[in-house]
Amino acid sequence: MSGGTLFAGALGASTAAADSTEHPNRITFDGGEDWVKSTYEFRVSGSVAEFDDGATVEWNDSMSEDSASGTVHRNADTYRFSGSLMHIDIDGPATVSVEYGDDPVPVTTPTPLPSGRPASRPMDRTRRT
Numbered sequence: 058m059s060g061g062t063l064f065a066g067a068l069g070a071s072t073a074a075a076d077s078t079e080h081p082n083r084i085t086f087d088g089g090e091d092w093v094k095s096t097y098e099f100r101v102s103g104s105v106a107e108f109d110d111g112a113t114v115e116w117n118d119s120m121s122e123d124s125a126s127g128t129v130h131r132n133a134d135t136y137r138f139s140g141s142l143m144h145i146d147i148d149g150p151a152t153v154s155v156e157y158g159d160d161p162v163p164v165t166t167p168t169p170l171p172s173g174r175p176a177s178r179p180m181d182r183t184r185r186t
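As numbered in the working numbering, residues 58 to 186 make up the sequence shown, in order.
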């Protein structure tokens, strides 16, 4: 992918265990009302599961044990996950929100460089308790 890449090695950790608490964290890619398609991929240190409450994961989205990728426009894709967010790559205008349990952690795409290419940089946010 050629979008904004964020690395989140120590962004946070899971805090519970069992059923929906097996995947206590959430990540949402929101395409908003824009017709412009955004592509995304992410990887976690734990495992990924489909979020079953509201936002959709569709035919053009895919999941493996520890990662997911897809496209979003005029809708939202939400996943649950355990562990820490290790890598995220977004190409397009979609917004991203990450929640560790009930603790939202803002994630934004990097500012484009003058060449038009997005800057890649490590995430500097850690979960605050």
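Cβ coordinates follow ideal geometry from the N, Cα and C atoms, glycine included.
In terms of CA proximity to Ser119, Arg100 leads the group Thr78, Arg100 and Arg131. The alpha-carbon of Glu156 is positioned some 23 Å away from that of Lys94. Taking a 10 Å sphere around the C-beta of Arg137, we find 16 or more other C-beta atoms and assign the residue as buried. Beta-bridge pairing by DSSP links Ala106 to Arg137. With a contact defined as Cβ atoms closer than 8 Å, Thr152 and Asp87 qualify at about 5 Å.
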